[in-house]
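Under the numbering used here, the first residue of the sequence shown is numbered 13, with each subsequent residue one higher.
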Amino acid sequence: MNTTYDVLIVGGGPAGLSTAYLCHKHGLSYLVLESGKAIFQGIANTYPEGKLVYASKPKDAPEPFMVDELRPPDKPVTVESYLQYVQHFVQHENLNVQTDVAFEDIKDERDGLTVVTSKGSFKGKKVVLSFGSNIPRELSVYGDAKMVAKNVDDPSKYIGVKTLVIGGGNTAADVIINILKAKREVNDHQPVYWAHVAETFDVNKETAQRLGEEILLGGNIRLLPGAMPRIGEVDEEGVDRLVIRINVFQQADGVDVYHGMSFPMQNVIACIGSQGPVPIFDKLSIQSIACTSGVCKIAKEGERLVLLTSDYESTRKNVYVIGGAISPSYMKISEGSIAEERHPNLIYTAINDAYHVVEAIRGKLVK
Ligand SMILES: Cc1cc2nc3c(=O)[nH]c(=O)nc-3n(C[C@H](O)[C@H](O)[C@H](O)COP(=O)(O)OP(=O)(O)OC[C@H]3O[C@@H](n4cnc5c(N)ncnc54)[C@H](O)[C@@H]3O)c2cc1C
Numbered sequence: 013m014n015t016t017y018d019v020l021i022v023g024g025g026p027a028g029l030s031t032a033y034l035c036h037k038h039g040l041s042y043l044v045l046e047s048g049k050a051i052f053q054g055i056a057n058t059y060p061e062g063k064l065v066y067a068s069k070p071k072d073a074p075e076p077f078m079v080d081e082l083r084p085p086d087k088p089v090t091v092e093s094y095l096q097y098v099q100h101f102v103q104h105e106n107l108n109v110q111t112d113v114a115f116e117d118i119k120d121e122r123d124g125l126t127v128v129t130s131k132g133s134f135k136g137k138k139v140v141l142s143f144g145s146n147i148p149r150e151l152s153v154y155g156d157a158k159m160v161a162k163n164v165d166d167p168s169k170y171i172g173v174k175t176l177v178i179g180g181g182n183t184a185a186d187v188i189i190n191i192l193k194a195k196r197e198v199n200d201h202q203p204v205y206w207a208h209v210a211e212t213f214d215v216n217k218e219t220a221q222r223l224g225e226e227i228l229l230g231g232n233i234r235l236l237p238g239a240m241p242r243i244g245e246v247d248e249e250g251v252d253r254l255v256i257r258i259n260v261f262q263q264a265d266g267v268d269v270y271h272g273m274s275f276p277m278q279n280v281i282a283c284i285g286s287q288g289p290v291p292i293f294d295k296l297s298i299q300s301i302a303c304t305s306g307v308c309k310i311a312k313e314g315e316r317l318v319l320l321t322s323d324y325e326s327t328r329k330n331v332y333v334i335g336g337a338i339s340p341s342y343m344k345i346s347e348g349s350i351a352e353e354r355h356p357n358l359i360y361t362a363i364n365d366a367y368h369v370v371e372a373i374r375g376k377l378v379k
């Protein structure tokens with residue numbers, strides 16, 4: 013961990029990659045840390061197949077797209093071709109991106125900041141948080157090993173292993189269907205366990221039909237209704253494991269007996285949804301303010317909005333937040349007052365935030 017980057021960028025969506033490109037153009041050292049298997053994973057995960065991408069711009073916005081290279085074309089193209097274009101652009105410009113790296117924390121050091129990730133620590137003078145608005149939820153279990161919601165990008169990773177899928181809805185069912193299919197194609201009979209805290213599963217008819225078909229074609233699935241994820245532990249061999257409780261027998265003497273199962277975390281898929289970024293801001297001690305009635309026009313009463321300067325710097329010095337992570341509004345500090353600022357969740361906004369933040373950072377780093 014010898015390199016100290018000028019800018020560490022968390023998230024490789026439109027905001028993060030625009031920041032990276034502008035750093036690259038202006039000779040600042042930088043690194044993008046993206047949790048997905050590829051850049052623009054947030055968009056790849058949330059847009060329906062074949063969706064057209066619009067170069068939407070808020071009506072009253074004074075500026076053009078400040079990074080033309082990443083702007084969606086005027087004539088809308090499908091999300092697949094926009095993603096392909098961006099991939100080529102990143103390769104062509106040789107932008108410095110690491111994928112499959114999940115951001116976890118920021119620590120203050122004497123000479124800068126350390127960003128802690130699932131793949132080790134990185135040092136930077138400035139940190140730009142551009143992780144969008146859909147943050148994977150953390151499974152609430154006791155213990156040292158943590159687990160966050162994840163989706164399956166490659167079902168073949170689960171061939172030959174006993175897999176646990178957590179969650180009771182369509183997303184979990186879809187994941188199971190994909191894994192069963194991959195296993196069936198190579199004659200793998202290792203089971204997929206499907207655990208849900210409630211006693212019943214809740215999927216739509218179409219998904220249920222597809223799941224039923226996989227089971228009838230030989231899919232080995234074991235249902236675990238009423239199962240409760242309990243402990244994330246690190247075993248003697250250093251492997252992160254998840255312990256789930258599958259049955260509890262309450263005894264008259266007050267001693268509970270229960271059955272549990274323990275899976276290596278890498279064989280567990282938790283389809284437990286996503287959340288807004290406020291819990292992350294809390295964890296990072298980035299201040300946010302709750303809206304009281306009459307103060308906010310966009311956010312509802314009680315919602316918490318992150319507090320930022322006009323350069324998007326948070327109350328944690330040298331940590332900036334941009335893009336979807338601060339949409340649809342945030343609290344802007346300017347000239348001694350604080351007011352809610354509208355911030356539409358658009359590619360335009362993400363790109364232009366990046367421009368302003370890099371300008372501010374350049375100004376500070378050359379001083
Ligand atoms: C269905 C849909 C359709 C849309 N259509 C349009 C449209 O046509 N035109 C338009 O302008 N806007 C559209 N939008 C909005 C637009 O996609 C967003 O405004 C934009 O993607 C925000 O960019 P971002 O970079 O801030 O966040 P994101 O695109 O969400 O990127 C954030 C990145 O950070 C990564 N990340 C998250 N957590 C971590 C972590 N812990 N560690 C490391 N990386 C992490 C994610 O994987 C992701 O790649 C649409 C949105 C949706 C949901």
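Glycine included, every Cβ here is placed at the ideal spot set by N, Cα and C. Everything numeric in this text was worked out from a predicted model, so none of it was measured.
Using the rule of at least 16 other Cβ atoms within 10 Å of the residue's Cβ for burial, across every protein chain shown, is residue i buried or exposed?
i      : result
His201 : exposed
His355 : buried
Leu45  : buried
Lys312 : exposed
Tyr154 : exposed
Pro84  : buried
His104 : exposed
Leu64  : exposed
Ser133 : exposed
Tyr270 : exposed
Val251 : exposed
Lys195 : buried
Using the C-alpha atoms, what's the distance from residue j back to residue i?
i      : j      : result
Leu319 : Met343 : 5 Å
Lys295 : Lys119 : 11 Å
Leu228 : Arg222 : 10 Å
Phe101 : Ile373 : 24 Å
Ala351 : Lys309 : 10 Å
Ser305 : Gly314 : 8 Å
Pro60  : Pro88  : 15 Å
Glu226 : Val187 : 12 Å
Gly124 : Lys135 : 7 Å
Gly238 : Gly272 : 12 Å
Ala264 : Ile191 : 42 Å
Out of the options, which has the shortest C-alpha to C-alpha gap to residue i?
i      : options                           : result
Arg234 : Ile258, Asp214 and Leu254         : Ile258
Gly335 : Gly48, Phe52, Asn14 and Tyr17     : Phe52
Ser326 : Cys303, Phe293, Thr304 and Gly348 : Phe293
Lys174 : Asn357, Ala56, Tyr42 and Asn279   : Asn279
Lys49  : Pro241, Gln110 and Val65          : Gln110
Asn146 : Ser286, Val246 and Ala264         : Ser286
Cys283 : Val160, Asn232 and Lys193         : Val160
Leu20  : Ser142, Thr90 and Glu353          : Ser142
Phe115 : Leu358, Leu176 and Val127         : Val127
Arg242 : Ile178, Thr183 and Pro148         : Ile178
Asp166 : Ala157, Asp214, Ser152 and Asp112 : Asp112
Pro70  : Ala157, Lys169 and Tyr360         : Tyr360
Measure the beta-carbon distance from residue i to residue j and round it to whole angstroms, keeping in mind my assumption that it falls under 8 Å.
i      : j      : result
Val369 : Tyr324 : 5 Å
Val198 : Asn232 : That belief does not hold up - the Cβ atoms of Val198 and Asn232 are roughly 13 Å apart, past 8 Å.
His208 : Gly172 : Not quite, the Cβ-Cβ distance comes to about 25 Å (not below 8 Å), so this is no contact.
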